[in-house]
Amino acid sequence: MLGIVIGVAAVIAMVALGNGAANAVKDRIARLGTTVLQINPQRVQQGGIGTSTQAKLSMIDVKAIDEHASNVMAVNQQQDRPLQVTWRNKNTNIQVTGTAPNFLEVRGFAMAHGRMFTFADNMGRARVAVLGADVLPLLDAAPEAILGEQIRIASRQFTVIGIMARKGTTGFGDADEQVLIPFETGRFQVFGTDRINDIWARVSSEDSLAVAMGEIQTALRRSHRLRQEQPNDFSIRNQADLLSVLSETTATFTALLAGIAAVSLLVGGIGIMNIMLVSVTERTREIGIRKALGATRKTILLQFLVEAVVLCIAGGAVGVGVGAIASAVLSQSFGWEAAIDISAILAAFAFAAGVGILFGVWPARRAAGLDPIVALRYE
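Numbering-wise (my numbering), the sequence shown opens with residue 286 and increments by one.
Next up, the structure:
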């Protein structure tokens, strides 16, 4: 019975953790926005000697997407680089992102304190900065203390005008650990290049994703003057596709963990079979008396079979409770997501009953097949 308890508890806990991980992936997709596309430059082959160079994205490409991709609602360009950020006596090396004022709209972020920089700030190359939520602990700063204060980015002073709300880890890293500055400011005063690292596009709806990707591809190929036989020198990534792969991987590992845990149930079933065989041997005289008093082969068979099934189901019930407690403890202790699934509980119960029937048949058949005369003589 203890083997069944451990097996069922392991199955419940593993499936709960797996479901929790799947739910976490779905939450990430919701935070990310399934209608956001990311365009990156790619390395392209040059000549026949196997060398490759990094393709280039520029404001011409941003304008081409904006003008020729009718299913794209908004386009946002980014330049980013890890730089030293200093406030008072604290400093950290963190990603600094030069971006357009529509960053919040395109990427699905929100402000927690202060404001986002404006179109005028961007065109005027204002030295203003908006901090991600996870930047504050790195600088050991409270929102009210750092808002309106001066920070140094690559030895240049910037005024903190806003702090973004936490978005959480996305499919492409922790977006909360970055400092935003106006694109034109970064382009001319910090990065010193017109090369764009990423272009982000928000599509009007999920149904329009495929069409929008086609429009973006056509616009960029025309902008880059690529011939028909030439491959794309850029990539278009749908974040939902990336996270769906993660979701499938999570489901695979959940099934694997549940399968490993199910082995405990089989071991528990073998244990019950052995105990029932010992029980048949110990109760041989009792079986003989029952048969002498008129008990049929079917009655004896059913008696031992029911005993085995009851042991398994009782162990399953205790195992469900232990599994639920184990899931809660793991969730609180390690910060893991855990979601107990009713179907997993029912499956564990059904499996436990099946194990009772499967491993209870042999001992029951052995008991039912005893000769009553031999059984009565057994000591």
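For glycine and all other residues, C-beta sits at the position ideal for the given N, C-alpha and C.
Tell me the DSSP secondary structure of residue i in three-state form.
i	result
N387	coil
T503	helix
H353	helix
F443	strand
T320	coil
M401	coil
Q515	coil
N374	coil
M558	helix
N361	strand
R662	helix
G654	coil
R392	helix
Q327	coil
R366	strand
F457	Residue placement at F457 cannot be trusted, given a pLDDT of 49 that sits under 50; what the coordinates show is reported in the next sentence. It is coil, neither helix nor strand.
R480	coil
M299	helix
S520	strand
M449	strand
A649	helix
L424	helix
R412	coil
A486	strand
L494	helix
L465	strand
L541	helix
T336	Reliability fails at T336, whose pLDDT of 46 lies under 50, so the model's placement of it is uncertain and the value that follows must be treated cautiously. Strand at T336.
L287	helix
L342	strand
R472	helix
N304	helix
Checking 7 Å against the spacing of the C-beta atoms, do residue i and residue j come in under that value?
i	j	result
N325	S493	no
I345	I501	no
V594	A638	yes
V607	A294	yes
F476	Q369	no
A414	I481	no
I448	P428	yes
L424	K375	yes
C622	A309	Note that residue 622 is Glu in the sequence shown, not Cys. Result yes, Cβ atoms of E622 and A309 sit closer than 7 Å.
M299	L542	yes
K452	F394	yes
C586	A649	The residue you asked about is not Cys; residue 586 is Leu in the sequence shown. Contact flag set, yes.
A306	Q327	no
Q362	V347	yes
V290	G554	no
V381	I438	yes
A609	I625	yes
A629	R582	no
Quick check on residue i: buried or exposed, where buried means 16 or more other Cβ atoms within 10 Å of its Cβ?
i	result
Q513	exposed
M408	exposed
I627	exposed
G645	buried
S337	In this prediction, S337 has a pLDDT of 49, which is less than 50 and means its spatial position is unreliable; what the coordinates show is noted afterwards. By the 10 Å Cβ count, S337 comes out exposed.
D576	Looking at the sequence shown, residue 576 is not Asp but Lys. That one is buried.
V563	exposed
F457	Any reading at F457 is ruled out, since the residue's pLDDT is 49, under 50, leaving its predicted position unreliable.
I545	exposed
E491	exposed
R472	buried
S549	buried
R392	buried
P367	exposed
T539	buried
S612	buried
L287	exposed
E592	buried
Under the assumption that residue i contacts residue j (Cβ atoms under 8 Å), give the Cβ distance between them as a whole number of angstroms.
i	j	result
M396	P386	In fact, because the Cβ distance is near 12 Å, the residues do not count as touching under 8 Å.
R506	N523	Contact doesn't hold; Cβ gap of about 18 Å is too wide.
V496	M358	About 13 Å separates the two Cβ atoms, so there is no contact after all.
A426	W372	6 Å
D419	D461	4 Å
V565	C597	Contact doesn't hold; Cβ gap of about 17 Å is too wide.
L655	I560	Rounded, the Cβ-Cβ distance is 18 Å, inconsistent with contact.
T470	G417	Not a contact, Cβ separation roughly 17 Å.
T377	R412	Rounded, the Cβ-Cβ distance is 19 Å, inconsistent with contact.
Could you tell me whether any non-hydrogen atom of the ligand ADP is closer than 6 Å to the CB of residue i?
i	result
V290	The ligand ADP is not part of the structure shown, which contains no ligands of any sort.
Taking only beta-carbon atoms, is residue i less than 7 Å away from chain D?
i	result
P428	No chain D is part of this structure, which consists of one protein chain only.
Mind pulling the alpha helix (DSSP H) runs of 4 or more residues that sit fully within the region 561 to 638? 569 to 577 and 582 to 619
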